[in-house]
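Structure first, then comments.
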Ligand SMILES: [Zn+2]
């Protein structure tokens with residue numbers, strides 16, 4: 006397909022060859038799924054990391070191939086803030102995430118469906134993963150009322166009352182036409198009592214079953230979300246419940262919500278072991294460079310986070326040498342690029358001094374240039390991690406990553 010054109014693909018008519026998912030022997034758990042689904046998603050592991058673990062792979066979707074491990078920029082409202090789809094491509098992004106909750110409220114999923122689906126609507130012809138709306142219902146909406154059926158909530162935009170349950174979450178994501186759909190889950194805040202999390206895990210499992218039943222015959226890939234807070238036995242219960250459904254991939258939810266990094270990595274390490282070896286593992290909402298570097302060797306294949314784009318708009322740039330606050334006075338007449346290792350449009354054309362000026366003057370270009378750089382940083386970091394997996398030198402990669410950040414760039418004043 007010609008670069009920059011829009012296929013306007015709707016899954017039912019896109020002509021992608023239908024294939025039956027063949028279940029191979031479970032690698033990490035000795036359990037057979039109860040049912041077999043047909044989807045367009047195919048995950049291949051190309052190479053397993055030596056020693057420290059992790060895997061190099063690729064995912065085929067109706068809108069193209071994704072190389073894993075991958076970072077997914079977040080396009081909350083059908084737009085990755087401040088950049089065009091072309092610019093997004095040029096940063097190396099291969100798949101983006103869009104938010105079901107936001108698009109449902111505005112402009113409405115039915116309108117997007119009438120206009121050819123989200124790919125066509127936003128002019129992005131690559132793969133799209135949509136979240137279930139669950140996280141935003143709990144974090145943004147007001148007056149939530151959770152029942153077995155689903156969640157009644159008030160829109161954060163105009164206070165209007167809405168209901169989303171597992172079936173509604175699937176219907177909305179079908180209308181959007183995303184390549185990967187997330188099951189509807191309950192996101193528990195942190196910290197939470199054991200008993201509450203236990204009830205919540207059971208509810209999330211029952212909801213996942215309803216999502217799967219409602220998607221029967223659908224061709225979008227369906228991922229389940231393992232919850233369970235920081236309680237290992239509840240994570241295990243959640244993983245067990247979801248794996249027996251035979252979903253297309255498994256996400257780890259409810260992390261990076263306030264727990265410390267050591268706890269987070271422990272939960273990731275232990276949970277990944279409970280998931281089937283031949284399905285993608287997606288760590289939701291985690292995107293700090295250190296978390297990516299630590300989680301890839303644990304077997305995580307997919308990440309998303311608003312961090313690179315949100316930080317860019319706040320003037321915090323990620324560099325090989327650590328984080329940079331571009332408004333700081335030390336950059337006022339600094340002619341060097343943000344990151345001398347970076348090949349992005351921003352770093353190859355503009356100085357720190359110019360970017361500082363734009364940011365302080367609140368010029369719109371500041372948000373665009375900063376976002377291009379941060380997204381490129383994340384894409385390059387993932388490419389580096391994939392190379393390290395391929396060459397079996399993950400430990401060296403990690404060592405070099407931390408060494409380059411020793412004494413943060415700003416503290417060194419260089
Ligand atoms: Zn750059």
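Numbering (my numbering), first residue to last: 6 to 419. Idealized CB from N, CA, C, for every residue including glycine. On a predicted model such as this, the values are computed, not experimentally measured, just so you know.
Output the boundary residues of the beta strand (DSSP E) element that contains residue i.
i	result
residue 314	No beta strand (DSSP E) contains residue 314, which is instead part of the alpha helix (DSSP H) from 312–318.
residue 182	Where residue 182 is concerned, there is no enclosing beta strand (DSSP E), given that its DSSP letter is neither H nor E.
residue 230	226–231
residue 148	147–151
What number of angstroms, rounded off, separates the C-alpha of residue i from the C-alpha of residue j?
i	j	result
residue 440	residue 132	No answer is possible for residue 440: it lies beyond the span of the chain, which begins at 6 and ends at 419.
residue 323	residue 181	32 Å
residue 240	residue 211	15 Å
residue 125	residue 380	22 Å
residue 303	residue 335	38 Å
residue 284	residue 75	14 Å
residue 101	residue 56	31 Å
residue 54	residue 307	16 Å
residue 136	residue 103	7 Å
residue 107	residue 79	12 Å
residue 408	residue 290	26 Å
residue 309	residue 189	17 Å
residue 178	residue 315	25 Å
residue 36	residue 355	Low confidence applies to residue 36: its pLDDT is 43, below 50, so where it sits in the model is not reliable, and the reading given next is rough at best. If I take the Cα positions, the gap works out to 55 Å.
residue 387	residue 244	26 Å
residue 223	residue 175	10 Å
residue 343	residue 305	29 Å
residue 418	residue 280	Residue placement at residue 418 cannot be trusted, given a pLDDT of 40 that sits under 50; what the coordinates show is reported in the next sentence. Rounded to whole angstroms, residue 418 to residue 280 spans 45 Å at the Cα level.
residue 171	residue 147	19 Å
residue 226	residue 248	15 Å
residue 327	residue 194	30 Å
residue 374	residue 311	16 Å
residue 186	residue 378	29 Å
residue 95	residue 50	26 Å
residue 396	residue 58	12 Å
residue 365	residue 160	34 Å
residue 109	residue 339	45 Å
residue 118	residue 184	14 Å
residue 362	residue 385	26 Å
residue 372	residue 105	24 Å
residue 410	residue 330	15 Å
residue 43	residue 287	20 Å
residue 406	residue 325	8 Å
residue 114	residue 84	15 Å
Grouping DSSP H, G and I as helix and E and B as strand, with all else coil, what is residue i?
i	result
residue 375	helix
residue 125	helix
residue 415	helix
residue 109	helix
residue 175	helix
residue 81	coil
residue 47	strand
residue 387	helix
residue 36	Interpretation of residue 36 is limited by its pLDDT of 43, a score under 50 that renders its predicted location unreliable; no figure is taken from the coordinates.
residue 262	coil
residue 277	helix
residue 86	coil
residue 237	helix
residue 195	coil
residue 68	coil
Per DSSP, which one or two residues make a beta bridge with residue i?
i	result
residue 167	158
residue 286	255
residue 5	With the chain running from 6 to 419 in the structure shown, residue 5 is simply not present.
residue 73	62
residue 52	61
residue 102	79 and 134
residue 308	76 and 288
residue 321	330
residue 186	135 and 227
For ligand 3, I want to know if residue i counts as a neighbour, meaning its beta carbon is within less than 7 Å of at least one of the ligand's heavy atoms.
i	result
residue 345	Among the ligands present in this structure, namely ligand 1, ligand 3 is not found.
Residue range of the alpha helix (DSSP H) that residue i falls in?
i	result
residue 143	139–144
residue 203	199–220
residue 250	Looking at the DSSP string, residue 250 is not in any alpha helix (DSSP H), and its letter there is neither H nor E.
residue 399	399–409
residue 353	350–354
residue 298	294–300
residue 91	90–95
residue 116	114–119
Worksheet item: In chain order, which continuous runs of the beta strand (DSSP E) of length 3 or greater are located wholly inside the region 323–367?
Response: Runs of the beta strand (DSSP E) spanning 3 or more residues and lying entirely within the region 323–367 occur at 327–330, in chain order.
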